[in-house]
Amino acid sequence: MGSCCQKSKNNPGNLNLNEVVANLNTKGEQQGEQQSEQEQQKNTSVVQEKEIQQGKIEIQPIIQKDTNQIQPIQEKYLMLLGTAGVGKSTLFKQLELSDVPNETTSTISNYHEGKLNEYFFIDTPSFQLDDEIETREIFIKEFQEYFDNRKYISSFGIVVNFERTDLMKKKVLQVLKYLRKFKDIISIIVVNMELSDNVNEDKEHLRDSFKHMGCHRILFISKEMKQKQILEQIQEIQFIKTHIDLTDTIFEKITQSQEKRQLQDLKIRLDQRL
Ligand SMILES: Nc1nc2c(ncn2[C@@H]2O[C@H](COP(=O)(O)OP(=O)(O)OP(=O)(O)O)[C@@H](O)[C@H]2O)c(=O)[nH]1
Ligand SMILES: [Mg+2]
1 MGSCCQKSKN
11 NPGNLNLNEV
21 VANLNTKGEQ
31 QGEQQSEQEQ
41 QKNTSVVQEK
51 EIQQGKIEIQ
61 PIIQKDTNQI
71 QPIQEKYLML
81 LGTAGVGKST
91 LFKQLELSDV
101 PNETTSTISN
111 YHEGKLNEYF
121 FIDTPSFQLD
131 DEIETREIFI
141 KEFQEYFDNR
151 KYISSFGIVV
161 NFERTDLMKK
171 KVLQVLKYLR
181 KFKDIISIIV
191 VNMELSDNVN
201 EDKEHLRDSF
211 KHMGCHRILF
221 ISKEMKQKQI
231 LEQIQEIQFI
241 KTHIDLTDTI
251 FEKITQSQEK
261 RQLQDLKIRL
271 DQRL
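Here it is in structure tokens:
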């Protein structure tokens, strides 16, 4: 058995995922409902148009639909996140992706996009928000810049290398704690599973250990896996086009006036202490 394991009798399946997936499926069904609703609307629109012309129907102002609504997608983006050296770039290479010459990433040299069928993978620099302020500020700025250009993304993958469970948990939480808002579209990707002496037991244990974090899925990748095998697991992820709104996260942009106000607040609080 690998270094990671205390055995669990409770196999939870996919990380409490039944609920998450059920939730996502419901959203999918809602989409279906929306689509059939649209079709019905199309059919009735000709009749309505005539009635409007005849003055039978008053034209009501159109209510703007929420742009945050989940929409079906063709292109599936998976952003790989993780602390330093966990194996994001190695996984990116293992996937043998084709290059994506892209306006979004050309300005942010640390973000690399690669394509495989309908999937786009984004390799990101080390998630360094617990480091010193300068490193942290650079990471936040680049992350914001990336999302300035790409408002939509379909999934995040927190990459973590297989080792002692407590260390793995720590690394995952170092990322997850800043992006909890998006946990429904966050999967945990455990790499280096070849280091496990008993893969099935360790998978079961890890599913159980990460269950409480409430992420979407957990994937297990080992070095010898070929592109096709990895892709099979990626296909298990439910991709949805989600508007990435960084409000209420550490990545939220602060305007100058907000910054000024926050500094004033801080000054008042400090004065009160003195
Ligand atoms: N032997 C060998 N090890 C490597 C090589 N490149 C990376 N590694 C190791 O493989 C592990 C994963 O490295 P990466 O895939 O670069 O990790 P990463 O998550 O992209 O790291 P950052 O980009 O720094 O956040 C680390 O322990 C590296 O030291 C290589 O060319 N040869
Ligand atoms: Mg890297």
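In the UniProt record's numbering, the protein residues as written are 1 to 274.
The beta-carbon is built from N, C-alpha and C at its ideal position, and this holds for glycine as well.
Per-residue burial, residue i [other beta carbons within 10 Å of its own, 16 or more giving buried]
i	result
ILE254	exposed
ARG164	exposed
LEU91	buried
Residue i - containing beta strand (DSSP E), residue span
i	result
ILE185	Unbroken run through ILE185: none, as it is neither H nor E.
ILE122	119–123
VAL80	Residue identity check: residue 80 is Leu in the sequence provided, not Val. Counting along the chain, the beta strand (DSSP E) containing LEU80 begins and ends at 76–81.
Rounded straight-line distance, which links the Cα of residue j to that of residue i
i	j	result
SER98	LYS267	52 Å
PHE239	SER154	5 Å
LEU231	LYS241	19 Å
HIS112	LYS88	11 Å
ARG261	SER196	52 Å
LEU270	ILE138	28 Å
ASP148	GLU201	42 Å
ILE186	ASP265	35 Å
LEU81	ILE122	9 Å
ASN68	LYS76	Because ASN68 carries a pLDDT of 47, less than 50, the predicted location of this residue cannot be relied on, and no value is offered for it.
ILE237	TYR178	21 Å
PRO125	GLN272	41 Å
Sheet register partners of residue i (DSSP bridge)
i	result
ASP99	GLY114
THR242	ILE153
PHE220	VAL190
ILE158	LEU81 and ILE188
First through last residue of the alpha helix (DSSP H) which encompasses residue i
i	result
VAL199	199–210
PHE92	88–94
ILE234	227–234
THR165	165–176
From the options, residue whose alpha carbon lies closest to that of residue i
i	options	result
VAL199	LEU179, PHE220, HIS212 and ILE188	PHE220
LYS141	GLN174, LEU270 and SER109	SER109
HIS212	LEU78, LEU246 and LYS183	LYS183
GLU224	LYS93, VAL175, GLU252 and TYR77	LYS93
ASN117	ASP131, LEU129, GLU132 and VAL100	VAL100
ASN251	LYS169, GLU145 and GLN74	As written in the sequence, residue 251 is Phe, which differs from the Asn given in the question. Ranking LYS169, GLU145 and GLN74 by Cα distance to PHE251 puts GLU145 first.
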